[in-house]
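A.B. asks: Heads up: the sequence lines are chains A and B, in that order. All residue numbers for the first sequence refer to the working numbering, where the first residue is 16 and numbers rise by one. All residue numbers for the second sequence refer to the working numbering, where the first residue is 1279 and numbers rise by one. We put the beta carbon where it would ideally sit given N, CA and C, even for glycine.
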Amino acid sequence: MLITRPNHDITTDYLFFWSEDLIKQAQKSGIRVVDLSKKRANKKEFISVLKKIGMKFIVFNGHGDQSTITGYDNEPIIQANDNENLLYAKVVYARSCQSAKYLGKKSISKGCIAYLGYDDDFVFMIEVDKITHPFEDKTAKLFLDPSNYLVLSLFKGHTVYQASQRSKEKYRKTILKLMTSVAKKEDKDLIPFLARDYIHQVCLGDQNATI
Amino acid sequence: MKKKQIKESITDNEIRQLVVERLRGISSNKKVSIGSMGEFSKEEMIHNVQENSEIGKKIIEIQLEYIRALKEGLFFNEGQDANNPPQS
Chain A
16 MLITRPNHDI TTDYLFFWSE DLIKQAQKSG IRVVDLSKKR ANKKEFISVL
66 KKIGMKFIVF NGHGDQSTIT GYDNEPIIQA NDNENLLYAK VVYARSCQSA
116 KYLGKKSISK GCIAYLGYDD DFVFMIEVDK ITHPFEDKTA KLFLDPSNYL
166 VLSLFKGHTV YQASQRSKEK YRKTILKLMT SVAKKEDKDL IPFLARDYIH
216 QVCLGDQNAT I
Chain B
1279 MKKKQIKESI TDNEIRQLVV ERLRGISSNK KVSIGSMGEF SKEEMIHNVQ
1329 ENSEIGKKII EIQLEYIRAL KEGLFFNEGQ DANNPPQS
């Protein structure tokens, strides 16, 4: 697994910390990990790793738009109509807003095996007093656990379709749980934002692909 | 006899008011991360909705999408076969 983990703002810092579990689980599963973290999450290092080591599975954390996945300080790493061919023969999970909408489809057309991501903004809620301890943030956990679960499912050998469905099911069950009278009122208010990620997570390409 | 005119549609202003009321319930200890747009508190989201800024429009979109999904029963369906993709 090749994973990018910039941490230049609050959002990317959360993804940085919450991706640590993915790295630990990958290593436990005997999966080799190349971790482009912090300032190493840049285009030059990314291309260098791809050239030297043939990683099939790539996890991108970072901001983005319909055509772009970015790294540290929002430097573009992959851009549609520029270098999406770098994703040839790869299975990709991009936690980058909207990138599945155009870049994902373009990547598939250029030979990317499967592209999992979001065709609109990836949103999550945080607790302000946990900003310096993202891993203790129980609100963020409600969003990032289902997202991480997609990758953990792939580690278990599930297909990209199965992993996506399992991740979406986690979102759905969390939403339903928060709708009940048992849930706190303040937690009910995060449902629309959870729903956003649930609705807009997509799985493009070969649905039967595995990593 | 006066004909009673039935209001059939909700105005943009009413939608904004609806969304603002929904946002008021969010804890002041929380912020929402909306991609590269940044992180927003309840007060900031309400202000952006009232100002009809790009962020405000995005927040309205998120809330309306949720209401539509609720109406369509999206969360109550088990959905597709979790193991097998739909046949094309």
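Contact check, A:GLY220 vs A:ALA129 under 8 Å by CB: the rounded distance?
C.D. replies: About 4 Å separates the two Cβ atoms, so the contact holds.
A.B. asks: Using a 10 Å radius around the Cβ and a threshold of 16 neighbouring Cβ atoms, would you call B:GLU1321 buried or exposed?
C.D. replies: B:GLU1321 should be labelled exposed.
A.B. asks: What whole-angstrom Cβ distance do A:LEU165 and A:PHE139 have, given they're in contact under 8 Å?
C.D. replies: Not quite, the Cβ-Cβ distance comes to about 14 Å (not below 8 Å), so this is no contact.
A.B. asks: For A:ALA210, which residues in chain B fall below 9 Å Cβ to Cβ?
C.D. replies: Going along chain B in sequence order, the residues near A:ALA210 (Cβ under 9 Å) are ILE1340, GLU1343, TYR1344, ALA1347, LEU1348, LEU1352 and PHE1353.
A.B. asks: Which residues, taken in chain order from the segment 1304 to 1329 of chain B, show a beta carbon closer than 7 Å to some beta carbon of chain A?
C.D. replies: Answer in chain order: ILE1304, SER1305, ASN1307, LYS1308, LYS1309, VAL1310, SER1311, ILE1312, GLY1313, SER1314 and GLU1317.
A.B. asks: Return the chain-ordered list of same chain residues with a C-beta closer than 6 Å to the C-beta of A:SER52, the five sequence neighbours on each side being excluded.
C.D. replies: Same-chain partners within the cutoff: ARG20.
A.B. asks: Here's a check: name, in chain order, each residue in its chain whose Cβ is nearer than 6 Å to the Cβ of A:PRO91, leaving out the five neighbours to either side.
C.D. replies: Excluding positions up to five away in sequence, the list reads THR83 and THR85.
A.B. asks: Beta-carbon separation of B:ASN1347 and A:ALA210 under 7 Å?
C.D. replies: In the sequence on display, residue 1347 of chain B carries Ala and not Asn. Going by C-beta atoms, B:ALA1347 is nearer than 7 Å to A:ALA210.
A.B. asks: Is there at least one Cβ from chain B nearer than 7 Å to A:THR27's Cβ?
C.D. replies: Answer no: the Cβ-Cβ gap between A:THR27 and chain B never drops below 7 Å.
A.B. asks: Between the Cα of A:ASP134 and those of A:LEU118, A:ALA95 and A:LEU205, spot the shortest distance and give me the residue it belongs to.
C.D. replies: If we check each option's Cα against that of A:ASP134, A:LEU118 comes out closest.
A.B. asks: Closer than 8 Å by beta-carbon distance: list the chain B residues that pair up with A:PHE139, in chain order.
C.D. replies: Neighbours of A:PHE139 on chain B, chain order: VAL1310 and SER1311.
A.B. asks: Considering only C-alpha positions, which residue in the set A:ASP204, A:TYR186 and A:THR225 is nearest to B:ASN1355?
C.D. replies: Out of A:ASP204, A:TYR186 and A:THR225, A:TYR186 has the C-alpha closest to the C-alpha of B:ASN1355.
A.B. asks: Would you call the CB atoms of A:ILE141 and A:LYS105 closer than 7 Å?
C.D. replies: Contact: no.
A.B. asks: Looking at B:LYS1309: is its Cβ nearer than 7 Å to the Cβ of B:PHE1318?
C.D. replies: Contact flag set, yes.
A.B. asks: Within 7 Å of any Cβ in chain B, is that where the Cβ of A:ASP136 sits?
C.D. replies: Yes - at least one Cβ of chain B is within 7 Å of the one on A:ASP136.
A.B. asks: Compare the C-beta of A:LEU191 against all C-beta atoms of chain B and say whether one is closer than 7 Å.
C.D. replies: So yes, A:LEU191 belongs to the interface.
A.B. asks: Quick check on DSSP: helix, strand or coil for A:TYR108?
C.D. replies: Strand at A:TYR108.
A.B. asks: So which residues of chain B does A:ASN11 contact, with C-beta pairs closer than 9 Å?
C.D. replies: Any answer about residue 11 of chain A is impossible in this case: the structure gives chain A only from 16 up to 226.
A.B. asks: Which residues in chain B have a C-beta closer than 7 Å to the C-beta of A:ASP204? List them in chain order.
C.D. replies: Within 7 Å Cβ-Cβ: GLY1303 and ILE1304.
A.B. asks: What residues in the segment 136 to 170 of chain A bring their beta carbon closer than 7 Å to a beta carbon of chain B?
C.D. replies: From the segment 136 to 170 of chain A, only ASP136, PHE137, VAL138, PHE139, MET140, ILE141, GLU142, VAL143, ASP144 and THR154 have a Cβ closer than 7 Å to chain B.
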